[in-house]
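A.B. asks:
Residue numbers (my numbering): 453 to 747.
(1) Less than 8 Å between the CB atoms is what I'm expecting for residue 663 and residue 500, so what's the real figure, rounded?
(2) Going by the beta-carbon positions, is the gap between residue 564 and residue 487 smaller than 8 Å?
(3) So, do the region 552-562 and the region 481-495 have three or more beta carbon pairs nearer to each other than 8 Å?
(4) Can you name the residues that DSSP bridges to residue 586?
(5) So, is residue 680 buried or exposed, given that buried needs 16 or more other C-beta atoms within 10 angstroms?
(6) Pairing CB atoms from the region 525-535 with CB atoms from the region 652-663, are three or more of them under 8 Å?
(7) 8 Å is my cut-off, CB to CB: does residue 633 come that close to chain C?
(8) Compare the beta carbon distance of residue 648 and residue 485 with 8 Å and say whether it is the shorter of the two.
(9) Quick check on residue 627: buried or exposed, where buried means 16 or more other Cβ atoms within 10 Å of its Cβ?
(10) Let me check understanding here. Comparing Cα to Cα, which of 475, 470 and 463 lies closest to residue 695?
(11) Count the C-beta pairs between the region 726-738 and the region 672-690 that are closer than 8 Å, then say yes if the count reaches three, no if not.
(12) As a quick exercise: from 540, 566, 455 and 567, pick the residue whose alpha carbon is nearest that of residue 555.
(13) Using a Cβ distance threshold of 8 Å, determine whether the region 660-677 contacts the region 574-583, with at least three qualifying pairs required.
(14) Can you tell me which of 606, 677, 623 and 672 puts its alpha carbon nearest to the alpha carbon of residue 572?
(15) Can you tell me the Cβ-Cβ gap for residue 690 and residue 703, rounded? I've got them flagged as a contact below 8 Å.
(16) Tell me, to the nearest whole angstrom, how far the beta carbon of residue 656 is from that of residue 517; I am working on the premise that it is less than 8 Å.
(17) Which residue's Cα is closest to the Cα of residue 642: 505, 479 and 535?
(18) Alpha carbon to alpha carbon, how far is residue 583 from residue 458? Give it in angstroms, no decimals.
(19) If you follow the alpha helix (DSSP H) that residue 477 is in, where does it begin and where does it stop?
(20) Here's the rule: buried if 16 or more other CB atoms are within 10 angstroms of the residue's CB, otherwise exposed. What is residue 618?
(21) Quick check on residue 693: buried or exposed, where buried means 16 or more other Cβ atoms within 10 Å of its Cβ?
(22) Is residue 470 near the ligand COA, with its Cβ less than 7 Å from a heavy atom?
(23) Alpha carbons only, please: which of 506, 482, 465 and 609 is nearest the one belonging to residue 645?
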């Protein structure tokens, strides 16, 4: 019984770490820009395939492949702002949220299909992984699960440092709280938007590598993490980063226990039930406020 319980907890913590990484990137963009980036899933997939290509086709070391995934995600996020978000902000600010959501849906579909045409639809094995496990008090803990949790904790610490201790972070938080006031105080809002999408893209690239290391590479790789991340954002309150991380780990643990008790097919419906309940009883989210204060 202890072995089963520990396995469920380890699975829940690992999944929660992956969800948290995907959720922070999505929530960061929404909190600062009011933009729901529907291409986030494709950026996850892009990161996974870039790491695969660098380590397998080019034969470069694993750390280089990991760094390439980060850079590819950051570059894609920056291009997303320069080519899409900036133009929509300049031409139609009143309908920006709806316009950019539709635009990023199209970009996500196009990028996913480009990956499909390039690599084919067959699943591929991500070479960036850690084999084996070690025993702690008679409980086997896979190295891969430890690696994922460690990477996510490090990334969360880096994001927290950037947002809390740097000038860029202060500008992001100021823009998230009141865009107009930040502009009046001399904050370059357009540069903040660019930085946010670059950071979100980098996190998506890392998440794509971690997710594919647990499953396999395929063109729709990012769709499930993206959907779960959106659920976590809604439950926490859109734009609330600490709440999003807490919701990611809490709901992942709930999903893991429900799947063990009732079967795998009941995990996702349980998350949907939680979302519906939250929307009914706490429309602003568990950690949100009725008067929305982003980030």
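Beta carbons are placed, not taken as given, at the ideal position from N, Cα and C, and that holds for glycine. Small disclaimer: the values here were computed from a predicted structure and weren't measured.
C.D. replies: The structure says:
(1) One-based indexing of the chain shown puts residue 663 at position 211. One-based indexing of the chain shown puts residue 500 at position 48. About 7 Å separates the two Cβ atoms, so the contact holds.
(2) Numbered from 1 along the chain shown, position 112 holds the residue referred to as residue 564. Numbered from 1 along the chain shown, position 35 holds the residue referred to as residue 487. Cβ atoms of residue 564 and residue 487: not closer than 8 Å.
(3) yes
(4) Mapped onto the chain shown, residue 586 falls at position 134. Answer is 593, bridged to residue 586.
(5) Position 228 of the chain shown holds residue 680. Residue 680 comes out buried.
(6) yes
(7) The displayed structure is made up of one protein chain only, and chain C is not part of it.
(8) Counting from one through the chain shown, the residue named residue 648 turns up at place 196. Counting from one through the chain shown, the residue named residue 485 turns up at place 33. Closer than 8 Å, so yes.
(9) Counting from 1 along the chain shown, the entry for residue 627 is found at position 175. With 16 or more Cβ atoms within 10 Å of its Cβ, residue 627 is classed as buried.
(10) Along the chain shown, read from residue 1 onward, the residue named residue 695 stands at position 243. It is 475.
(11) yes
(12) Along the chain shown, one-based indexing puts residue 555 at 103. Of the listed residues, the one whose Cα sits closest to residue 555 is 540.
(13) yes
(14) Your numbering for residue 572 matches position 120 in the chain shown. Looking at the Cα atoms, 672 is the closest of the given residues.
(15) Your numbering for residue 690 matches position 238 in the chain shown. Your numbering for residue 703 matches position 251 in the chain shown. About 15 Å separates the two Cβ atoms, so there is no contact after all.
(16) Within the chain shown, numbered from 1, the residue matching residue 656 stands at position 204. Within the chain shown, numbered from 1, the residue matching residue 517 stands at position 65. Not quite, the Cβ-Cβ distance comes to about 16 Å (not below 8 Å), so this is no contact.
(17) Taking the first residue of the chain shown as position 1, residue 642 is located at position 190. Taking only the C-alpha atoms, the option nearest residue 642 is 535.
(18) Position 6 of the chain shown, counting from 1, holds the residue named residue 458. Position 131 of the chain shown, counting from 1, holds the residue named residue 583. When rounded, the distance between both Cα atoms is 19 Å.
(19) Locating residue 477 in the chain shown gives position 25, where the first residue counts as 1. Element bounds for residue 477: 454-485.
(20) In the chain shown, counting from the first residue as 1, residue 618 sits at position 166. Exposed: under 16 other Cβ atoms inside 10 Å.
(21) For this step, residue 693 is matched to residue 241 along the chain shown. By the neighbour-count rule (16 or more Cβ atoms within 10 Å), residue 693 is buried.
(22) The ligand COA is not part of the structure shown, which contains no ligands of any sort.
(23) Counted from its first residue, the chain shown places residue 645 at position 193. Of the candidates 506, 482, 465 and 609, the one whose C-alpha sits nearest the C-alpha of residue 645 is 482.
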